[in-house]
Amino acid sequence: PARIAVFGYAHVPWFKKQMKLIKEADLPGTRERYDQALAIAATLKEEGYIAIGLDHFVRPDDSMALAAEQGTLRRNFQGYTTDVADAMIGFGVSSISEFPGGFAQGMRDTLTWSNAVKSGRSPVTRGLITSTEDRMRAKIIERLMCDFTVNPMAIAKDHGFDESTLLAAFERLKDLQSDGMITMSGHTITIPDDRRVFVRNVAQAFDAHYIEAPARHSRAV
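The sequence shown begins at 2 in my numbering and counts up one residue at a time.
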């Protein structure tokens with residue numbers, strides 16, 4: 002195949018009841034998952050694939066490889082993409098749509114969703130309006146996820162914010178820098194090649210809505 006996406010297994014038995022059949026003690030821990038990610042990446046690279054972002058691999062002549070090289074790669078709910086559209090419309094049960102100013106999610110129950118559509122009512126059950134600061138932080142996180150290097154202060158300035166807006170984020174990055182997860186040159190953050198699997202941990206520093214809690218869906222590794 003021209004493109005391969007590799008995602009870690011998400012154990013969510015409270016959401017998918019059949020997963021209760023799997024014993025958590027039998028699942029690989031963080032170290033094992035990290036080793037698996039490295040092994041998969043090494044194998045695919047040996048087969049001629051180029052690593053794209055966190056979890057995608059493509060052939061060298063694929064348009065996604067060119068986008069990564071040119072710094073135009075994007076990331077949305079579906080993963081990495083070369084699509085430059087500023088909106089993504091979701092159709093169907095529980096689908097999520099993204100717009101320049103926010104998000105909307107469809108009803109999660111099939112029957113409820115179907116009845117709404119048949120009666121001509123909107124099947125959207127909830128939405129979120131994003132602020133200018135939300136969009137600024139999202140841009141920083143997207144560039145980190147796509148390029149593994151970013152100048153957050155430059156993006157903040159482009160959105161009309163001064164350096165004080167991101168002081169807390171840079172404070173949170175100090176421990177990651179001490180641990181060798183990132184390097185800093187002025188305001189530019191770079192994630193070393195052998196630490197890219199931890200990009201979500203770095204991105205969390207810029208997520209103003211992130212709350213430390215037990216993993217519920219995607220894990221950093």
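C-beta: ideal position from N, C-alpha, C; glycine also. In this text the structure is predicted, and so the values were computed from the model without any measurement.
Worksheet item: What residues in its chain sit with their C-beta under 8 angstroms from that of H160, if we drop five residues either side in the sequence?
Response: T133, E134, R136, M137, K140
Worksheet item: Alpha carbon to alpha carbon, what distance is there between M154 and A204?
Response: 14 angstroms
Worksheet item: How many Å lie between M185 and F162 at the Cα?
Response: 21 angstroms
Discussion item. Going by C-alpha to C-alpha distance, which of D176, T82, G49, V94 sits closest to N1?
Written reply: Shown here, the chain extends from 2 to 222; a query on residue 1 therefore has no answer.
Fill in: Unbroken stretches of the alpha helix (DSSP H), 4 residues or longer, contained in the stretch 59 to 143
64 to 71, 111 to 119
Discussion item. Counting beta carbon pairs with one atom in the stretch 57 to 64 and one in the stretch 23 to 37, are three or more of them shorter than 8 angstroms?
Written reply: no
Worksheet item: In three-state terms, what does DSSP make of M182?
Response: coil
Worksheet item: Helix, strand or coil for I156 per DSSP?
Response: helix
Item to complete: Would you mind working out which of Y211, A40, I23, L22 sits nearest V7, comparing C-alpha positions?
Response: A40
Practice prompt. Could you check how far apart the C-beta atoms of I142 and D208 are, in whole angstroms? I think they sit under 8 angstroms.
Written response: 7 angstroms
Fill in: For I41, three-class secondary structure by DSSP
helix
Fill in: CA-to-CA distance, A3 to A42, given in whole angstroms
15 angstroms
Worksheet item: Since A105 and G121 are thought to touch, with beta carbons under 8 angstroms apart, how far apart are those beta carbons, to the nearest angstrom?
Response: Not a contact, Cβ separation roughly 17 angstroms.
Worksheet item: Taking the alpha carbon of L55 as the point to measure from, which residue in L74, V85, G107 has its own alpha carbon closest?
Response: L74
Worksheet item: Does the distance from the CB of T191 to the CB of F149 come in under 8 angstroms?
Response: yes
Worksheet item: Per DSSP, R196 is paired with what?
Response: R196 is not bridged to any residue.
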